[in-house]
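Numbering (the numbering used here), first residue to last: 1 to 400. No residue lacks a Cβ here, since even glycine has one placed at the ideal position from N, Cα and C.
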């Protein structure tokens with residue numbers, strides 16, 4: 001890459017202006033944030049002159065969305081903690097808008113934005129642990145009033161699918177729904193589109209997965225993935241994380257667990273020496289990542305993202321756990337889900353910034369312990385666990 005002309009580093013505000021950072025219009029696993037800090041350090045060691053150019057370019061890729069004028073009513077107050085720091089809660093939403101190239105995985109007709117993935121990332125106040133809590137898109141919940149993309153107020157409604165909020169009002173409506181149901185104040189939000197997700201996977205040379213026999217064969221959707229333990233990327237990786245029809249028990253819960261395992265494996269791959277010491281891979285990864293992200297203004301620059309990443313510096317991969325909010329079949333519709341009483345326990349623990357109990361993290365997935373992966377650098381394979389754990393892995397289409 002050709003070096004930029006020598007010049008002084010710009011202050012953050014000037015850099016953002018020079019980068020032409022896009023502001024999202026109103027209509028318009030975070031893998032592991034500390035990789036962004038490490039990436040910037042690596043880039044700085046490569047070439048101080050190139051880093052100025054690269055920083056401006058990558059910063060200009062980010063889309064920043066201010067939702068302050070879309071909030072209806074009062075938001076929950078942040079709980080006051082006595083320590084020097086407070087917990088951080090980041091709501092991550094995966095966007096598979098039918099309009100972006102490569103995003104319409106299911107080949108559905110019509111435009112518009114959808115979100116089949118919602119994860120709360122909770123970072124403890126002592127910076128010693130982190131949880132990623134997935135929320136099923138088929139959860140039936142009561143949605144509060146929020147605003148649509150034209151700033152019209154959408155009345156509150158009962159018995160609504162979780163992901164309907166994103167379709168109606170984007171991230172602002174989803175955030176209001178989350179806060180209303182949990183009492184947890186969201187500090188930051190990140191929206192990741194699936195086109196950029198594919199680019200991130202390709203940039204690091206693929207992500208290792210273990211696919212049990214007989215593999216994944218879904219003729220109706222043109223998906224065929226061979227069994228075995230290997231790295232996948234490109235469209236195959238997208239198909240893997242989105243497939244739900246012929247894998248395991250065909251449920252969305254199984255797909256979420258498979259997504260959690262994929263994100264955990266991806267995080268481990270990103271943080272390996274083979275990625276962090278490879279400037280070409282780092283630049284390609286950040287190029288894809290920044291193009292795919294929409295963030296709130298307080299997180300809307302590489303400097304700010306790196307600041308969040310720095311908060312993860314003392315958290316080992318074994319201290320990051322992904323779980324799914326406890327749920328069960330909806331008595332009114334077996335094809336829908338409702339949160340069980342244990343879900344309230346999860347949200348209360350996170351609200352109080354207390355460690356989740358073993359009962360609440362049963363079957364969790366960690367970047368240091370990816371199901372079915374016993375290859376070097378991925379940590380030990382999970383212990384056999386209970387029959388329920390084994391069944392959950394099978395239902396997700398993961399190796400046991």
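Residue 124 is classed as buried because its beta carbon has at least 16 other beta carbons within 10 Å across all chains shown.
One thing to note: residue 295 has its Cβ within 8 Å of the Cβ of residue 190.
Ranked by Cα distance from residue 262, the options 359, 93, 366 are led by 366. Around residue 126, the same chain offers 83, 85 as residues with beta carbons nearer than 8 Å, after the five sequence neighbours per side are excluded. The C-beta separation of residue 70 from residue 169 comes to about 7 Å, placing the pair in contact by the 8 Å criterion.
In this structure, residue 88 and residue 302 do not form a Cβ contact; the two beta carbons are roughly 18 Å apart against a cut-off of 8 Å. The continuous beta strand (DSSP E) containing residue 134 extends over residues 130-134.
A straight-line Cα-Cα distance of about 17 Å links residue 268 and residue 257. Residue 95 places its beta carbon less than 8 Å from that of residue 192. Residue 260 has its alpha-carbon roughly 25 Å from the corresponding atom of residue 304. Here the region 271-290 does not lie against the region 334-347, with fewer than 3 beta-carbon pairs under 8 Å apart. Annotated as distal: residue 174 and residue 117, with beta-carbon spacing of 8 Å or more. With fewer than 16 neighbouring CB atoms inside 10 Å of its own CB, residue 277 falls in the exposed class. Around the Cβ of residue 159, a 10 Å sphere holds fewer than 16 other Cβ atoms; the residue is exposed. Residue state for residue 315 is assigned as coil, using DSSP reduced to three classes. Distance from the Cα of residue 230 is smallest, within the candidate group 398, 298, 181, for 398.
When the Cα atoms are used, residue 73 and residue 180 turn out to be separated by approximately 11 Å. DSSP, reduced to helix, strand and coil, places residue 146 within a strand of the structure shown.
Considering only 243, 238, 196, 198, the residue with the shortest C-alpha distance to residue 216 is 243. Residue 77: not part of any beta strand (DSSP E); DSSP gives it neither H nor E.
In this structure, residue 185 lies near residue 76, with their beta-carbon atoms less than 8 Å apart.
The continuous beta strand (DSSP E) containing residue 334 extends over residues 333-339. DSSP, read as helix, strand or coil, puts residue 349 in helix. Around the beta carbon of residue 245, fewer than 16 other beta carbons lie within 10 angstroms, which makes this residue exposed.
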